[in-house]
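Numbering (UniProt numbering), first residue to last: 1 to 193. Ideal Cβ positions, reconstructed from N, Cα and C, are used throughout, including at glycine.
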Amino acid sequence: MARLRALEPGAAIVWRDISALPMPDAPYAALLAHPDDVTPPAARGSITLSETLIREIEDADILVLGTPVHNFTVPAALKSWLDHVVRVNRTVTLSAQGKKGLLTDRPVLVGVAAGGVILGEDAQQPDFFTPYLKAVLGCIGLHNLHVVSVQGTAFCDASAKAAAMENALSTLSPVLSACTEAELSHDIPAPHV
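Have a look at this one:
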C-alpha cells in the first residue's frame, strides 16, 4: 500500500478487515431466493453488509486484496467476502448462456503469501487459488487480475524470506504502475497472472 500511496499520493484508501466479516446468513439467502420480498431492512440480515461491500468495489479505481493461501485455495475469510459480493441480479446475472458480470472492470491487485511454492515453473503443489479467484471475480465483471506473491517462505531462513519479499516487490512496481496508469487513462492493461 505504501508503494501505491507513493504513486497516487491523493488516493483515498478504504481498508476492510475481511477476517471480521460474518458469513452470509439465512435472511441473506432468503432474499436472494425471493428478490421481490418486502422484508424491512432491519430483518434483512447480512444483505446490508453485502451492499456495503459491493459499493466499496464500485467506488474503487483499483481493488487491492492481501491474502494467504490456505489448503491450496482462498482462506475462509476471503471466501466469505466473495460470497457477499457475488450476488445474483446485483453483481452477476444468470441466463441460459451463462453468467454475466455487472461490475465495471478495474485493476484487481492480489498480494499472496504462501509458505510453499504455488506459482511459476518451480511450483511444488497445484495452484487452485489463482484460477478460482480469476473465475469468481470474472463472473462479476472483474477480469483485470494481477497476482504478486511472496512464496516458499515456510522452511527457509531470514535471508531467503527477505529475497522472496524483494522478488515480490520487484514484480509489484511495474504492476502498480500499469494499474495506476490504467485507472488514470481508463485503458485497462492485460491481466498479469
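*asked:* Let me check understanding here. Comparing Cα to Cα, which of H146, F155, D157 lies closest to A168?
replied: H146
*Sort L119, F129, S80 by Cα distance to D25 and report the nearest one.*
S80
_Straight-line gap, G116 to K134 (C-alpha atoms, nearest Å)_ = 20 Å
_Which complete alpha helix (DSSP H) runs does the segment 31-114 hold, if anything under 4 residues is left out?_
47-59, 76-85
_Using C-beta distances below 6 Å, list every residue in its chain close to G111, excluding the 5 sequence neighbours before and after it, in chain order._
G66, V148
*To which residues of the same chain is I140 closer than 6 Å at the C-beta, ignoring the five residues directly before and after it?*
V86, T91, V92, G101, L103
*asked:* Assess contact between the segment 161-179 and the segment 125-134, defined as three or more Cβ pairs (one per stretch) separated by less than 8 Å. Is contact present?
replied: no
_Which same chain residues end up closer than 6 Å to I13 when comparing Cβ atoms and leaving out the 5 residues on each side of it in sequence?_
none
_Taking the straight line between their C-alpha atoms, what separation do you get for W15 and A76?_
19 Å
*Using the C-alpha atoms, what's the distance from H84 back to I54?*
8 Å
_Once the 5 residues before and after E58 are set aside, which same chain residues still bring their CB inside 7 Å of it?_
L103
*Is the Cβ-Cβ distance between V150 and L109 less than 8 Å?*
no
*Measure the alpha-carbon distance for P174 versus I47 and round it to whole angstroms.*
37 Å
*asked:* Measuring only the C-alpha atoms, how far is E8 from A96?
replied: 42 Å
_Neighbourhood of H143 by C-beta, 6 Å cutoff - its chain only, sequence neighbours within 5 removed_ = D105
*asked:* Pull the bridge partners of H143 from the DSSP assignment, please.
replied: BP columns for H143 are empty, so no partner.
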